[in-house]
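Participant: When you line the sequence shown up against this note's numbering, it's residues 2 to 690, in that order.
Virtual Cβ for every residue (Gly too), placed ideally from N, Cα, C.
Being a predicted model, the structure only gives us computed values, none of them experimental.
First the structure, which I've put down as structure tokens, then a few questions once you've had a look.
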Amino acid sequence: MDSSPFASLFEPLQIGPVTTRNRFYQTPHCNGMGNLRPDAHARMRGIKAEGGWGIVNTENCSVHPSSDLMPEVLQTLWDDGDIPVLARMVEAVHEHNSLAGVQLAYSTYYNGNRLTREIPLGPMSRPVSGYHPVQVRAMDKQDIRNLHDWWAAASRRALQAGFDIINVDSNFSTIAFQFLSPRNQRSDEYGGSLVNRTRLLKELIEVSRDATQGKCAISVRLIIDELCGPMGLQAKDEGIEAIGLLAELPDLWDLVVGTWADDSPSSRFASENDHERFMLGIKSVTTKPVVGVGRFTSPDTMASMLRRGVLDLIGAARPSIADPFLPNKIKEGRYEDIRECIGCNICVSSHFAMTNLRCTQNPTMGEEWRRGWHPEYIAPKQSESEILVVGAGPAGLECARALGQRGYQVTLAERTTQLGGRVTREGEQLPGLREWLRVRDWRITQLNKLPNVEIYMDSDLSIPDIVEFGAAHIVMATGSKWRADGVGRANDRPIPVDSSVQVLSPDDIMDGVPVKKGPVLVYDDDHYYMGSVIAEKLARQGFEVVIATPAAEISAFTANTLELARVVKHLDECGVALRTHSILARIEGGEAQLLHTYTGRAQQLTIASVVMVTSRIANDSLFYGLQNFMEQDAGSKILTVGRVGDCLAPAAIFQAVYTGHKYARDFEAAPETTVAKRERVGLENVRLV
Ligand code: ADP
Ligand code: SF4
């Protein structure tokens with residue numbers, strides 16, 4: 002018998018006609034590759050299976066052109082031509098003895114069929130999401146019969162593609178859920194009572210079962226609580242009752258909470274296992290296996306969920322993105338090697354950008370096929386070259402780690418007495434970002450295992466120091482600093498400010514510079530998290546804070562990380578006043594002049610200090626100094642000087658990790674391997690339906 006404390010996570014489990022080898026379930030997740038980039042998609046899913054995920058699912062897979070999700074890049078099973086696209090993924094998953102699941106979906110009230118221009122269908126006639134000026138048509142009986150046929154055809158195609166599990170999607174925007182929700186106000190047998198509202202979901206389960214002749218397991222991905230009170234489905238009320246009604250019909254219950262933003266909250270607003278309270282009691286109404294998510298990265302929490310009978314399988318999207326090899330690492334007892342998700346939701350932002358998935362912790366995510374990057378393996382060194390990496394922020398740490406993993410002799414020098422650069426400063430000094438320290442901690446753990454990497458702290462290197470050190474290759478990872486002059490997106494020139502107010506930058510706040518007593522203006526032309534966390538920090542210190550931004554939303558980019566609503570709510574709760582559409586024009590005599598972005602109308606604000614959160618300047622003087630030195634001294638031992646991270650171009654942390662990693666991959670590599678491949682859309686012509 003396996004004596005590992007986590008043996009339960011590796012017990013097989015029967016799910017209808019199929020058996021999973023373990024309890025690791027990669028829940029359906031978007032990835033920006035979808036059916037536009039099938040090779041990239043298949044390779045990414047295959048690596049998850051290789052890393053030990055017993056079940057690997059697709060993302061949303063539309064069953065019919067009248068459920069078109071464009072512009073989002075997802076999957077389709079609209080005709081037989083779609084089968085080979087998904088079969089590619091199934092093969093990649095089966096190669097590692099994992100089960101492949103497809104998330105069959107028919108969406109409603111969503112996007113409005115922008116590609117196909119089919120009339121969207123739904124339980125009621127209501128406008129679609131995203132302010133797209135289109136309404137769905139309420140389905141009649143014939144529409145429901147048509148849906149059955151489309152669902153059956155897609156299920157048969159899924160079987161043909163080789164899928165083991167068909168996941169009947171009853172997630173927020175899907176038809177099955179919108180019929181089930183109390184929002185459904187139909188007066189026929191598909192509306193009214195809970196039995197009536199679950200009818201369509203029940204039928205779709207049965208349709209998939211019949212169409213696949215019992216060969217596929219049928220799971221249901223269901224929202225158990227809409228988190229909007231009595232207006233929507235509530236777990237304690239009809240949510241659990243709905244599961245009880247269909248209890249034994251599917252082979253697996255895959256449970257979700259609220260909208261995507263609720264189900265995948267960032268670490269700034271929710272910690273691991275945030276959903277447990279909604280899962281309690283489910284096992285008492287069904288004997289079928291239950292899977293749920295909770296950004297699980299701790300083997301203890303996972304095992305406890307199984308031991309306490311809350312879940313039977315551990316569902317994960319983000320933890321599987323940050324570490325596709327998480328299950329194998331637990332199995333091998335390599336717990337400290339788990340690259341834990343930091344809950345930043347940058348991965349989600351790539352879906353909205355319709356580009357290959359990217360991840361702050363895992364720079365290989367989305368690059369598996371096009372760059373041939375594997376999350377665990379990397380090409381060995383090509384020479385005995387020695388490399389000096391200057392600066393130990395996320396970029397320098399990752400660059401040194403990956404070069405060290407290749408076997409090169411690496412020295413990492415850091416000016417301060419702490420490793421981690423900006424991630425340490427931000428994680429330790431600013432509210433809500435503590436989990437981001439995992440970016441630093443995982444890399445330090447890995448670096449400490451590499452005898453060929455030496456780390457020197459308290460080493461503020463100058464050009465003579467670097468030259469004297471004698472390494473042939475230098476990588477500058479010296480980061481950036483925040484500007485305090487207001488130059489950013491809206492202001493190309495420094496904002497005129499007289500001496501009446503104190504002017505601060507985010508670096509000043511993190512350095513603990515005392516802030517003058519009186520009202521503070523946080524001017525946010527950065528639009529990600531920095532403006533709002535600084536406003537929160539100052540409000541918590543008792544300052545009267547106004548955050549102003551030229552954008553229509555505070556922290557506008559956080560719409561892409563599913564955080565926007567929570568950011569606004571949180572700032573409101575902290576007592577921060579919000580001013581949108583406001584460009585800071587000047588500050589004179591203790592008055593800030595804000596101009597409306599569109600009308601130009603001026604408003605005055607009395608302030609004692611201003612924090613400019615606008616843009617950063619790369620710390621690249623050492624880089625250019627070294628280049629000059631090399632040009633002037635032909636006898637220098639230095640062969641190359643590179644730069645990575647914010648020193649190359651300031652950006653969010655995911656980019657620093659990526660550029661640090663890329664430098665290490667490309668170092669002394671054959672030129673053709675440093676260029677990404679792309680997938681070209683075929684010229685085949687097919688009819689829509
Ligand atoms: P990035 O996000 O690109 O990694 P950071 O600002 O987080 O950038 O990290 C840059 C790191 O480089 C900081 O820890 C800083 O102390 C260090 N650094 C900057 N200049 C030097 C230098 N001359 N010598 C050594 N370390 C330096
Ligand atoms: Fe986790 Fe951030 Fe990576 Fe997404 S991008 S998987 S939230 S670390």
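Terminal residues of the continuous alpha helix (DSSP H) containing I654?
Facilitator: For the purposes of this step, residue 654 is identified with residue 653 of the sequence shown, where counting begins at 1. Here the alpha helix (DSSP H) through I654 covers 654–667.
Participant: Could you check what DSSP says for M2 in three-state terms: helix, strand or coil?
Facilitator: By 1-based counting over the sequence shown, the position of residue 2 is 1. At M2 the pLDDT is 47, less than 50, meaning the model places this residue with poor confidence and gives no usable figure here.
Participant: Please classify R138 as buried or exposed, where buried requires at least 16 neighbouring CB atoms within 10 angstroms.
Facilitator: Looking up residue 138 in the sequence shown gives position 137. By the 10 Å Cβ count, R138 comes out exposed.
Participant: Just verifying my parser: in three-state terms, what is the DSSP assignment at P300?
Facilitator: Counted from its first residue, the sequence shown places residue 300 at position 299. Three-state result, P300: helix.
Participant: Taking the runs of the alpha helix (DSSP H) that are 4 residues or longer, which of them lie wholly in the segment 127–178?
Facilitator: Listed in chain order, the complete alpha helix (DSSP H) runs (minimum 4 residues) inside the segment 127–178 are 142–162.
Participant: Quick one: grab the DSSP three-state call for T598.
Facilitator: Translated into the one-based positions of the sequence shown, residue 598 becomes position 597. Residue state, collapsed to three classes: coil.
Participant: With a threshold of 7 Å, establish whether the CB of D508 neighbours any heavy atom of ligand 1.
Facilitator: The sequence position of residue 508 within the sequence shown is 507, counting from 1. No, Cβ of D508 sits at least 7 Å from all heavy atoms of ligand 1.
Participant: Do you know how far the Cα of M280 is from the Cα of N172?
Facilitator: Locating residue 172 in the sequence shown gives position 171, counting from the first residue. Locating residue 280 in the sequence shown gives position 279, counting from the first residue. Straight-line Cα distance between these residues: approximately 16 Å.
Participant: Below 8 Å, how does it come out for the segment 128–136 and the segment 181–190: are there three or more Cβ pairs, yes or no?
Facilitator: With a cut-off of 8 Å, the segment 181–190 and the segment 128–136 do not count as touching, because too few Cβ pairs lie within range.
Participant: How many whole angstroms separate the CB atoms of A155 and L78, which I take to be in contact at a CB cut-off of 8 Å?
Facilitator: Residue numbering aside, residue 155 sits at position 154 when the sequence shown is read from its first letter. Residue numbering aside, residue 78 sits at position 77 when the sequence shown is read from its first letter. Contact holds; Cβ gap of about 4 Å.
Participant: Inspect the CB distances between the segment 520–540 and the segment 308–318 and report whether three or more fall short of 8 Å.
Facilitator: No: the two stretches stay apart, fewer than three of their Cβ pairs being nearer than 8 Å.
Participant: Is A396 near ligand 2 - that is, is its Cβ less than 7 Å away from at least one heavy atom of it?
Facilitator: Residue numbering aside, residue 396 sits at position 395 when the sequence shown is read from its first letter. No; taking the cut-off as 7 Å, the Cβ of A396 has no heavy atom of ligand 2 nearer than that.
Participant: Can you check the segment 456–498 for any alpha helix (DSSP H) of at least 4 residues that lies completely inside it and give the ranges in chain order?
Facilitator: Complete alpha helix (DSSP H) runs here, min 4: 464–470.
Participant: Report yes or no: do three or more beta-carbon pairs, one from the segment 256–276 and one from the segment 343–353, lie closer than 8 Å?
Facilitator: With the cut-off at 8 Å, the segment 256–276 and the segment 343–353 touch.
Participant: Keeping to the same chain, check which residues put their C-beta closer than 7 Å to that of G428; ignore five residues upstream and five downstream.
Facilitator: What you label residue 428 is simply residue 427 of the sequence shown in a count that begins at 1. The residues are L434, R435, W437, L438.
Participant: My output table needs one value for A1: the three-state DSSP class, helix, strand or coil.
Facilitator: Absent from the structure is residue 1, since the part of the chain shown begins at 2 and ends at 690.
Participant: DSSP three-state call for T675: helix, strand or coil?
Facilitator: Here residue 675 refers to the residue found at position 674 when the sequence shown is read from its first residue. Reduced to three states, the DSSP call for T675 is helix.
Participant: Where DSSP assigns a beta bridge to G215, which residues make up the other side?
Facilitator: If you number the sequence shown from 1, residue 215 lands on position 214. Note: G215 sits in no beta bridge, so no partner.
Participant: With a threshold of 7 Å on Cβ separation, who are the neighbours of I339 within its own chain once the five nearest residues in sequence on each side are excluded?
Facilitator: Taking the first residue of the sequence shown as position 1, residue 339 is located at position 338. Result list for I339: T298, D324, L327, K330, in chain order.
Participant: Under the rule that 16 or more other beta-carbon atoms within 10 Å means buried, what is N61, buried or exposed?
Facilitator: The residue you call residue 61 lines up with position 60 of the sequence shown. Its Cβ being crowded by 16 or more others within 10 Å, N61 is buried.
Participant: Counting only runs of 4+ residues fully inside the segment 57–127, write out the alpha helix (DSSP H) ranges in chain order.
Facilitator: Within the segment 57–127, the complete alpha helix (DSSP H) runs of at least 4 residues are 84–95.
Participant: Taking contact to mean 3 or more Cβ pairs, one atom from each stretch, closer than 8 Å, check whether the segment 492–507 and the segment 660–680 are in contact.
Facilitator: Too few Cβ pairs lie closer than 8 Å, so no.
Participant: Alpha carbon to alpha carbon, what distance is there between R222 and I163?
Facilitator: Position 162 of the sequence shown, counted from the start, is the residue given in the question as residue 163. Position 221 of the sequence shown, counted from the start, is the residue given in the question as residue 222. Residue 163 is actually Gly in this sequence, not Ile. Going by the C-alpha atoms only, they are around 20 Å apart.
Participant: At which residue ranges does the segment 236–273 contain complete beta strand (DSSP E) runs of 3 or more residues, listed in the order of the chain?
Facilitator: Here the runs fully enclosed are 253–258.
Participant: Have a look at W443 and G421 and give me their C-alpha separation to the nearest angstrom.
Facilitator: Translated into the one-based positions of the sequence shown, residue 443 becomes position 442. Translated into the one-based positions of the sequence shown, residue 421 becomes position 420. Rounded to the nearest angstrom, the two C-alpha atoms are 11 Å apart.
Participant: For M2, does the count of other Cβ atoms within 10 angstroms reach 16, so buried, or fall short, so exposed?
Facilitator: Position 1 of the sequence shown holds residue 2. In this predicted model, M2 has a pLDDT of only 47, less than 50, meaning its place in the structure is not dependable; the value taken from the coordinates is given anyway. Under this definition M2 is an exposed residue.
Participant: Using DSSP bridges, identify the partner residues of F630.
Facilitator: Position 629 of the sequence shown holds residue 630. Beta-bridge pairing links F630 to no other residue.
Participant: Let me know if A177 comes out buried or exposed under the rule of 16 or more other beta-carbons within 10 Å of its beta-carbon.
Facilitator: Here residue 177 is taken as the residue at index 176 of the sequence shown, counted from 1. That one is buried.
Participant: Under 7 Å: does the beta carbon of R22 sit that close to some heavy atom of ligand 1?
Facilitator: Indexing the sequence shown from 1 puts residue 22 at position 21. No, ligand 1 has no heavy atom inside 7 Å of this Cβ.
Participant: Taking C-beta to C-beta, are K638 and A401 nearer than 8 Å?
Facilitator: Numbered from 1 along the sequence shown, position 637 holds the residue referred to as residue 638. Numbered from 1 along the sequence shown, position 400 holds the residue referred to as residue 401. Cβ distance not < 8 Å, so K638 and A401 don't count as in contact.
Participant: What separation, rounded to the nearest whole angstrom, lies between the Cα atoms of S4 and F11?
Facilitator: In the sequence shown, the residue the question calls residue 4 occupies position 3. In the sequence shown, the residue the question calls residue 11 occupies position 10. Spanning the two alpha carbons is a distance of roughly 12 Å.
Participant: The beta strand (DSSP E) spanning E387 covers which residue range?
Facilitator: Start at 1 with the first residue of the sequence shown, and residue 387 comes out as number 386. Looking at the DSSP string, the run of the beta strand (DSSP E) that includes E387 is 387–391.
Participant: How big is the Cα-Cα spacing for H149 and A243?
Facilitator: Mapped onto the sequence shown, residue 149 falls at position 148. Mapped onto the sequence shown, residue 243 falls at position 242. Rounded to the nearest angstrom, the two C-alpha atoms are 21 Å apart.
Participant: Skipping 5 residues on each side, what residues in its chain have a beta carbon closer than 6 Å to that of C345?
Facilitator: Position 344 of the sequence shown holds residue 345. Here the set comprises T361.
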